[in-house]
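Chains as they are written, first to last, in my numbering: chain A, 1 to 168; chain Y, 169 to 269.
Built from N, CA and C at the ideal position, the CB exists for glycine as well.
What follows is a single structure, written as structure tokens, with notes after it.
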Amino acid sequence: MVVGFAIVAAWEIVTAAGVVAFRKPIYNALSLVANMLGLAVLFLMLNAQFLFAAQVIVYAGAVMVLFVFIIALMNPESDVALPRRGSEWIYGAVFGVIFAALLVSLLFNRGLTGRPGTLTPEAIAAVGNVQTVGIALYTKFLFPVEVTSLLLLIAAVGAVYLAMRRIR
Amino acid sequence: MPVPAYSFLLLSGVLFTMGAVGFLVRRNPLVVFMCIELMLNAVNLAFVAISRYLNSLDGVIFAFLVITVAAAEVVVGIAIIVQVYRAGRPMDVDDLDLMKE
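Written as structure tokens, this is what we have:
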């Protein structure tokens, strides 16, 4: 388990670096696909099978297909054509080190202080993972789910409107 | 539990930081979007890890809603990027300052 986690964690960090650092957008997109698949494996290790399926279908499937299609259609030359500015990477690295130090110090100062709930892996396995998530979605979280469906509708209408309109 | 919760949260923090650095440094709008996705994924990992180690399902539901909102955000964002591209403007976030005036 620990060895598996170490392998997936290293995979995640390498592919995330690929997303940030590659100069051609298609390589960034493919790195992001690999990153999302690794994250799906982590979800599986965390006993969230439903989220594993959702991650693979929605992110690695739908969202990344959209990205790759747009890159293939528009063929943007990316930063390759733009003049390089080395200084922004230095500032970015400084920011990243400070930000990561803040996050890590917060994590080790506070720890996990929440009150444990009743849904242990055994309790979830007795009912079934998807069943448990479904019951929670349509009882306790019914209102957020409905609001999200409205948001999706608005996004679909907005995307169609933007695609129809010609800007000068 | 062999893998401690800290390791998942630590990985989540590292991934979020990398996404934030990419968001600040990169100038292609598509790559900036991918870095936002990276950050959202890192937050999802933290949600699911905490939910797992506190024996609750709320974090999983939150992560599910975050995935949905991210999909909606990508659809609208890419529509805007395509419009900018069609208008013949350069693919550089530093040059997209029309709203400033």
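Check	Outcome
Below-8 Å beta-carbon distance, residue 206 of chain Y vs any chain A residue	yes
Buried versus exposed, by CB contacts within 10 Å (16 or more), residue 55 of chain A	buried
Chain Y within 8 Å of residue 17 of chain A, Cβ atoms only	yes
CB contact check: residue 270 of chain Y to chain A, cutoff 8 Å	With chain Y covering 169 to 269 only, the question about residue 270 of chain Y has no answer from this structure.
Whole runs of the alpha helix (DSSP H) within the segment 95-149 of chain A, excluding any shorter than 4 residues	121-127, 129-138
Beta-carbon proximity of residue 130 of chain A to residue 50 of chain A, cut-off 8 Å	yes
Secondary structure of residue 171 of chain Y, DSSP reduced to three states	coil
CB contact check: residue 192 of chain Y to chain A, cutoff 8 Å	yes
Through-space distance from residue 222 of chain Y to residue 231 of chain Y, alpha-carbon basis	15 Å
Test item: CB-CB of residue 32 of chain A and residue 206 of chain Y under 8 Å	yes
Cβ-based contacts, 7 Å cut-off: residues of the segment 131-155 of chain A near chain Y	132, 133, 136, 137, 141, 144, 148, 151, 152, 155
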